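All remarks here apply to the structure that follows.
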Amino acid sequence: MWTFYISIVFLFVTQIQHAWSNVCPIISMTSTATTMTVTWDLYAGSTVYKLVLDAADNNVAPVITSSPSTDTEKTVFGLLPGTSYEVELTVLNFLGPMCTDTQTAFTVPVAPQFTTSVAVSSTAIDFVWSSVNGAVDYHVVVTDHNNVLINFEETVQGLETQITGLSPKTKYDCIVYASNTAGNSANSFKRTIWTLTQPPSELTVVSSEANSIVVSWPAVDGVLLYKVSLKDTDNPDILPEVDDTSALSKTFSTLEPCSNYEVSVSSLNTFLLAGEPVISTYSTANIVSAANVIHSYSCSDSTVTVSWDAVTGANSYRVAASDGTNPDLECTTVSSLTCDINNLLCGQTYTLTVTAISDDCSSNSVSSFSTMPCTPVFSSLEYTCNSDVVVFSWEPVSDVQYYIAHQKDNNNVESPCMTVDTSCTFTSIQCGQSYTYTVVAYSTFGCQTEASSPQTTDAGPCQPTNFAISSDCLSLLQVSWDLAAGADSYHVEASANNGQTYQCTSETDSCEIANVPCGEHLSMTITSLTDTCNALPLLGSPFQTVPCTPTVVSATSSCSQDTATVSWTNSHGAIFYIAKLASGGVETQNCRAMEDSCLSEGLACGQTYTVTVVATNALCNSSDSDEVTFTQPPCTPTDVVATRDCGTESATIVWQSHQEDSEYTVTIDDELGSLTCNPTSNTDNSCSIESLSCDVTYTVTVTVADDTCTFTSAPASMDSVPCVPQNAGATQNCDTEEVTITWDNAVFPDSYTATITGGASPVMCTSAQSPCIQSGLPCGTSYDVVVASEHTGCFSTDSEPITVETPLCTISNVAASGALSPVTVSWDSTDDLFTYTVTATATDDDHTHVCVGTTTCDITDLHCGTDYTITVDGADCSAEMSGVLSTAPCTPTDVGVSIDCQAESAQLSWTASSTAIEYIGAAETDQGDQLHCTTDVTTCTIDGLTCGTTYSFKVLASDDTYNSSFSEELVKGGALCPPSNVHVQLEMMNWMIQVTGFGWTPVSCSDTEYLLTIVGNKYGNTAQKIELKSYWTDGNYFELMIPCSTTYEATVQSRKGNVVSDPSTAFSGETAPCYPRQAVYTNSGSISVTWSPVQPATTYTVYDNSVTPRVELCSSVAPPCTVSTDNVDNMVITASNDIGESYPRPIQTGTINFIDPFLLIDEVNSGWITLNWTPVDNASEYNLYYRLGDPTAPPTTMLVDCLMKKFYYQSPSTVYCFSVAATLLSGPGPESNMFCVETGPVTIPIAPAE
């Protein structure tokens, strides 16, 4: 029983077989480092689920496990961390695999561990950690030990990082973990690290006296000790002076004059670890550097002239030019402010230092200049054989603005190339030419080098032209060409399909290739050769050698007398073949084919032919194949003539088209079998067959055969001798002095002749068939009678003689008794020992019924309802029964029954029997009780039927003497009417369902049950059919839940026992409209509500649903509808017509692009639940969600592309909750109403949940 609000309803639908699919998808896979949990859907009909997890590492055995058919989840243990597994799910039943699915998933990595973690400053910590298998990323997390809300995280792919931006002298908790597509590893062991202490905010450096400074700084909170350092930056090899002090200043007294120093101060923490320092610089007294240093370089003599301004305090100057590799070049002066440096090297950048020297120290003024470039040095000359490009390269030269390279060919044609690179690419290189290359460098200040040493290269040879091949259909190829520029020699190569190559080489313009095989398609190439480069092979036209001679030639006729198939082995190089056939040395036929056989037509049977085959490629023919000889099958015998011998019962057969080397067989056939004969010699064209049967027409054929074929002539016909007449008899009529001779007529004879002897002379009686009556033979004489048959002039032998005795006889008192079969005929006669023949004939019966006896006999197989004439015949007398014999009436046919359930009667009807006077109809119950009706017409009514009782109806016919047998029984339930006055009571709509009560007037028959059936179209859509049934009930009221906007017809049937009535008169009705769809409102000064109309609504009403009872705001027959309210969030809309009002639907703001479907459950059966839902416009598919047990649990999703789903469940007595949502191009739609149902053994739907 289903409980759906207050309704009780059974839904009957046609069962749909579940088709096994090939894929049963894995729903999800989650893993840890050593486990993986796999989930899937329950699958109907399964007995076990098998899981195989195969690691990507082939050295590890796969993990195999299984689960019972009730499980949908399995956790697999014993896996490798950070490893890719191929996961295969197989659903099995007793017959084998039902479906399978394979997916790939990783286990998560193990936790990495820090190998190094150290604070490097007051705001930064460096980390290094171990590598773990399967990790894609590493995540370092640094958290303030005293404030977990302050943390820093960095993700890297490597094994080290630095976290910056930290707070000074702060304790941090640090961990690292790895991740991949499967998830995150566990955290590493925690490291706790203090950042270092920050330095003082500033340094102050002041000079206290000669070679002494005082360094001071502000205090840092919490710092007890500072590290102070002084470093001579001009002399990095001198160790710095370092001191730890708790004071806030430090004096250094060892400074050198004209020196530069770096002073730094850092804070020490409680572990005496220094943080990053604060740095300041300080320089002791110095003379100024020379200013306005000017240098002038001369390209012609590689000299630079340097000048500068005078420096106060300087008493001399030194100028040095350094290229960083060679010894410095110097000049010095005491009073002059200019100096020359000679012998400068090319292509160098010199550092020019002008040093002003005093008694205590010196100062430097540094500048630089470049000398002219050196002449470029050749690096490489790249030429790829058969290309049109030369790449000329040289070593780079410093201080170059650009280069110009030059190319010159054999004809002194020059091509320049300007570039800033160290190579030039020259294109359009011509084959057969020689090229020379040089390069000149140009500096930025106008200097030009000499040209580099020339470099020469040769381009490859050109290809020859006019490449030609000929062979004159022989195995020798003649090849020729025109000479090519730059070539020393030529190589010709012919490549064949047999994998071999054939070649020749020449320094001239031709060569020959010998012994080229037949039937080859050759690819021809010619190559120009030199010692250093060969030209690209020139491809010539493909060349075809003479076809090979066909072999293994054979010819067969396949038992065709005028055609033969010539076959051969395909030969290389042939396009088609010609088979030539000759007879007597003269070619008579030929046939052509592109395959390995051809059919030659127009051959003569029995003729010997020779055949040869040639192959051709349309240019050359092969030589003839070996000759073979064959003979066509023998000719079919003709003009077959068969001649019988009446006296010897034999026949001689003669034929034409006889061949002495063939075997002939003559066959004569009749319906009983065959006889054969063969000629006595191979020259004889006839043979004889004896012992032929009589009364037979023979079919005569002659068959000729050789070793493989058989041919049969056209059939000839021959009639045999007629047979001796059978069952000959004779009777005499003394009154007429006639003798009647009888025999069994046969089809074969043309006539019969009876010879009667015993009288004065023999008498002949001839007749085409039995009997033959001969007059003029008086009684009292004994006659001998023989009968012979004749056919086409040939007579049979005589029958056995018959003696006719002629005593007087009489027959009287012929009578017959019996209803149908058998009928006994009796008579009186003067000779009780004589045998008499009785015949029964009728105009309605084309068969003569006969029996034989002395005074009585029985006639069988008479027809019902027929009048027969009875005749008794003796040897020389006969008598006919007075009147006719009437047989019993025939059994009535085409019996029909019409039940009148109101009158509790049945009217029988049937087809009349011709001799019947009256009919009796009967109705019999299973207990043997009978009711009858009698009539002289073909209908009658049986009254007094009991409602709900099954009757067997039958009819018999009577002629007042005999009764027919009863007709075949017709079984029907009697006198059970359907209910009347079917009516309906509508309840209030709930969502898209209207509870509808149906009542009816019970029938006046005890223990009667009723079945209500609803058929119609739902949701106002003729394409969506609906059929609902109740169960059989003894009440007269039933409620069904019918979708909104449904038109239907309701009928009720009655049932008592096995008797079911016809359906009642149909009640036509409909349910209230569905609620309006896509109901929205807009507010642009006034509130306007619009919606999508629904069928068959006639009115739409908007209500304020915040009060009870709700208040109508507006009503309209079509959208839109304008309302005035401040409570727009509680507006609802309904659709109504004369039938009722729909369920209220909330009105939303804005534009709704799609709506939610409405879900219904049509059927809950043993093993499955049938769900359907209303369509959503423009939906491409639907997501069906189901939850097991808990309606609030996360759902499992199934993708459906139609409006119905047959859901197969695995858990009986369990609550399943369903909902559905549409998917459109713009995204997923809202979820529908939720519908929960409990599965068997008793299926109880639970009310829909919002």
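For the sequence shown, the residue numbers in this note's numbering are 1 to 1250. Ideal Cβ positions, reconstructed from N, Cα and C, are used throughout, including at glycine. None of these values were measured; they are calculated from a predicted model.
My guess is that residue i and residue j are in contact by the Cβ rule of under 8 angstroms, so how many angstroms apart are they, rounded?
{"i": "S1116", "j": "Y1100", "result": "5 angstroms"}
{"i": "D867", "j": "A842", "result": "6 angstroms"}
{"i": "M1198", "j": "L1171", "result": "Not a contact, Cβ separation roughly 10 angstroms."}
{"i": "G1069", "j": "Y1048", "result": "6 angstroms"}
{"i": "A888", "j": "S964", "result": "6 angstroms"}
{"i": "S443", "j": "Q503", "result": "Contact flag wrong, Cβ pair sits at about 58 angstroms."}
{"i": "L976", "j": "G948", "result": "5 angstroms"}
{"i": "P464", "j": "I526", "result": "6 angstroms"}
Got a sec? Which residues, its chain only, sit under 7 angstroms from residue i by beta carbon, not counting five neighbours each side?
{"i": "T47", "result": "S69, L92, N93 and F94"}
{"i": "F378", "result": "W394, S452, S453 and Q455"}
{"i": "D1104", "result": "R1110, V1111, L1113, T1125, N1127, N1130 and M1131"}
{"i": "A618", "result": "I575"}
{"i": "C694", "result": "S720, V721, P722, C723 and S796"}
{"i": "A105", "result": "M29, S31, M36, Y85, V87 and A182"}
{"i": "T710", "result": "T703"}
{"i": "T588", "result": "L581 and A582"}
Could you pull out every residue in the same chain whose Cβ sits closer than 6 angstroms to the Cβ of residue i, ignoring the five residues on either side in sequence?
{"i": "T1239", "result": "Y1209, P1212 and T1214"}
{"i": "S21", "result": "Low per-residue confidence applies at S21: pLDDT is 47, beneath 50, and the placement is therefore not dependable, though the value from the model is reported in the following sentence. Around S21: C99."}
{"i": "A178", "result": "P109, P112, V132, A135, Y138 and S185"}
{"i": "K954", "result": "A922, F966, S967 and E969"}
{"i": "Y403", "result": "T419, V439 and A441"}
{"i": "I27", "result": "T39 and W40"}
{"i": "V1196", "result": "Correcting the residue type first, residue 1196 is Thr in the shown sequence and not Val. Closer than 6 angstroms at the Cβ level, and outside the excluded window around T1196, lie Y1186."}
{"i": "Q103", "result": "I26 and V87"}
{"i": "V786", "result": "T755, D798, S799 and P801"}
Can you name, in chain order, every residue of its own chain whose Cβ lies under 8 angstroms from the Cβ of residue i, other than the five neighbours on each side?
{"i": "R644", "result": "S650, A651, L692, M718, D719, S720, V721 and C794"}
{"i": "E790", "result": "P722, P749, D750, S751, Y752, T753 and S796"}
{"i": "E520", "result": "A496, N497, N498, Q544, T545, H572 and G573"}
{"i": "P542", "result": "H521, L522, S523 and M524"}
First and last residue of the beta strand (DSSP E) that includes residue i?
{"i": "G865", "result": "From DSSP, G865 is part of no beta strand (DSSP E); its letter is neither H nor E."}
{"i": "H139", "result": "D137 to D144"}
{"i": "Q103", "result": "G96 to F106"}
{"i": "E987", "result": "S980 to N990"}
{"i": "K1018", "result": "Unbroken run through K1018: none, as it is neither H nor E."}
{"i": "W1292", "result": "Not covered by the structure: residue 1292. The range shown for the chain is 1 to 1250."}
{"i": "H521", "result": "H521 to L529"}
{"i": "C687", "result": "S686 to I689"}
{"i": "T1047", "result": "T1047 to K1056"}
{"i": "P1230", "result": "G1227 to E1231"}
{"i": "P1043", "result": "Y1037 to P1043"}
{"i": "C591", "result": "V586 to A593"}
{"i": "V242", "result": "E241 to T245"}
> Can you list, in chain order, the stretches of the beta strand (DSSP E) that have 3 or more residues and sit fully within the segment 424–488?
Replying inline: 434–443, 455–458, 465–470 and 477–482
Beta strand (DSSP E) runs contained entirely in the segment 312–369, provided each spans 3 or more residues:
Secondary structure remark: continuous beta strand (DSSP E) runs of at least 3 residues inside the segment 312–369, in chain order: 316–322, 329–333, 338–341 and 349–357.
Threshold first: 3 residues or longer. Then list the beta strand (DSSP E) segments lying entirely within the segment 159–187, N to C.
Correct list: 160–163 and 171–180.
Cβ contact (3+ pairs, closer than 8 angstroms) linking the segment 265–276 and the segment 116–128: yes
Decide if the segment 1043–1062 is in contact with the segment 1003–1012; the criterion is three or more beta carbon pairs, one per stretch, under 8 angstroms apart. yes
Count the C-beta pairs between the segment 37–57 and the segment 1184–1191 that are closer than 8 angstroms, then say yes if the count reaches three, no if not. no
- Item | the segment 363–380 contacting the segment 331–339, beta-carbon criterion three pairs below 8 angstroms | no
Going along the chain, which unbroken runs of the beta strand (DSSP E) with 3 or more residues stay wholly within the segment 1099–1139? Within the segment 1099–1139, the runs of beta strand (DSSP E) at least 3 residues long that lie entirely inside it are, in chain order, 1099–1104, 1111–1116, 1121–1123 and 1131–1136.
Is the segment 654–673 touching the segment 592–604, taking contact as three or more C-beta pairs under 8 angstroms?
Counting Cβ pairs under 8 angstroms, fewer than three are found: no touch.
Are at least three pairs of beta-carbons, each pair with one atom in the segment 922–942 and one in the segment 891–906, less than 8 angstroms apart?
yes
- Which whole runs of the beta strand (DSSP E) in the segment 600–665 are 3 residues long or more, in chain order? 608–616, 628–631, 638–645 and 650–656
Length-filtered (3 minimum) beta strand (DSSP E) runs lying within the segment 248–283 = 249–252, 260–268 and 278–283
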